[in-house]
Ligand code: PGA
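In my numbering, the protein residues as written are -19 to 229.
Dropping the structure here:
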C-alpha cells in the first residue's frame, strides 16, 4: 500500500490562496505517489472539491459537529461535509482538545457522526510534555484511544485512521525518535488488539504527525507498523510539501 499522507492546513489559506496553492501543487504532484488526503478549512472545501475533481487526492475537513440535529449555530454537519465531497475528517486534534475544550465524550460523538455519514475519521491522540516527562505516554495513548473508540464495532475500524501526534511535537520543531514512534505505534496496535481483535490491531491504520519537514521526514519513512504521516506547517508551501511527499513514498 502507498503511504498515507495527510495535509492539515489548520486555519490557513483563504479561498483565493487555496486556488493558487492547488494550481501550483497539482502541476507538480503525481497522483500515483501516495494516498494523499488534503484537509482544508471549511471555506476552501468547495473550491478544493472542484479543483481536485478527477485527481487521486481525497478531500478532508478539520472538524465536524457532534450530531446532525437542529440548533447548532456555527457548526458544520456531516451531511454538509459529504455534500462538499469530504471523505475524511480530523477529530480530536490536540488544538481542539486544548483550545476548544473538546472532551473525550465530544470526540467520541464526532467520530460516530463521521462514521454515520460514511466518512473516515482521522483520530488524533498524543501525550503532553508533562505526560512524557513522567513516563505516561503509553497510558495516555491507551486512555485516549479507548475513550475515542468507545461503542464502535470492529468493522467500523476500517474507517478510522489513528494519528499519533505528541502534543509537544506539534508546531515546536521537536520530534520524537524513530524508536519512540515505533513503541507508540506498537502500543496503539496492542490496545486495539486487546479491545477488538488481533486482526483489528494489525490492520488499523496509524500515521505520525508533528513538526515534519523535508529534513526530518526520512526518519519516519521506515518505522515498523507506521502507515504514513500527517503534515501541518510543512504542507503550507506547495514546493516544501512536494519534497516531503517525495521523501516518504
Ligand atoms: P505541525 O502540525 O506539522 O505544524 O507540527 C501537525 C498537526 O498539528 O497536525
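Quick reminder that beta carbons are idealized off the backbone N, C-alpha and C, glycines included.
Being a predicted model, the structure only gives us computed values, none of them experimental.
Taking 7 Å as the cut-off, is the CB of residue i close to at least one heavy atom of the ligand PGA?
i: residue 208; result: no
i: residue 213; result: yes
i: residue 55; result: no
i: residue 198; result: no
i: residue 40; result: no
i: residue 145; result: yes
i: residue 190; result: yes
i: residue 220; result: no
i: residue 151; result: yes
i: residue -12; result: yes
Leaving out five residues on either side along the sequence, give the residues of the same chain with a beta carbon under 8 Å from the beta carbon of residue i.
i: residue 88; result: 127, 128, 129, 130, 131
i: residue 5; result: 218, 221, 222
i: residue 56; result: 22, 41, 43, 44, 45
i: residue 153; result: 191
Leaving aside the five residues before and after residue i along the sequence, list all residues of the same chain whose C-beta is less than 7 Å from its C-beta, in chain order.
i: residue 66; result: 25, 39, 40, 41, 99
i: residue -7; result: 1, 20, 21, 24
i: residue 166; result: 205
i: residue 195; result: none
Using C-beta distances below 6 Å, list every residue in its chain close to residue i, excluding the 5 sequence neighbours before and after it, in chain order.
i: residue 199; result: 158
i: residue 189; result: 143, 145, 210
i: residue 109; result: 148
i: residue 84; result: 127
What does DSSP give as the partner residues of residue i in its beta bridges?
i: residue -12; result: 19
The ligand SAH and residue i: does the residue's C-beta get closer than 7 Å to at least one heavy atom of that ligand?
i: residue 193; result: Summarising the ligand content, the structure contains the ligand PGA and does not contain the ligand SAH.
Where are the alpha helix (DSSP H) runs, 4 residues long or more, that stay fully inside the stretch 172 to 228, in chain order? Counting only runs of 4 or more, we get 178 to 183, 218 to 228.
With a cut-off of 8 Å, do at least 3 Cβ pairs link the stretch 70 to 87 to the stretch 110 to 118? The stretch 70 to 87 and the stretch 110 to 118 do not touch, with fewer than 3 CB-CB distances between them shorter than 8 Å.
Kindly confirm or deny that the stretch 21 to 35 and the stretch 98 to 114 touch, where touching means at least three C-beta pairs closer than 8 Å. They do not touch, by the three-pair rule.
Would you be able to state if there are at least three C-beta pairs under 8 Å between the stretch 158 to 165 and the stretch 196 to 210? They touch, by the three-pair rule.
Could you give the uninterrupted runs of the alpha helix (DSSP H) lying entirely in the stretch 67 to 153, keeping only those of 4 residues or more? Given a length threshold of 4 residues, each whole run of the alpha helix (DSSP H) inside the stretch 67 to 153 is given here in chain order: 74 to 79, 84 to 96, 109 to 113, 117 to 128.
Quick check: the stretch 26 to 33 against the stretch 54 to 62, are at least 3 beta-carbon pairs closer than 8 Å? No, because fewer than three Cβ pairs between the stretch 54 to 62 and the stretch 26 to 33 fall closer than 8 Å, the two stretches do not touch.
For the stretch 140 to 156 and the stretch 183 to 195, state whether three or more C-beta atom pairs, one from each stretch, are separated by less than 8 Å. Between the stretch 140 to 156 and the stretch 183 to 195 there are three or more C-beta pairs closer than 8 Å, enough to call the two in contact.
Identify every run of the beta strand (DSSP E) within the stretch -8 to 67, keeping only runs that are complete inside it and at least 3 residues long; order them along the chain. Qualifying beta strand (DSSP E) stretches, in chain order: 15 to 19, 37 to 41.
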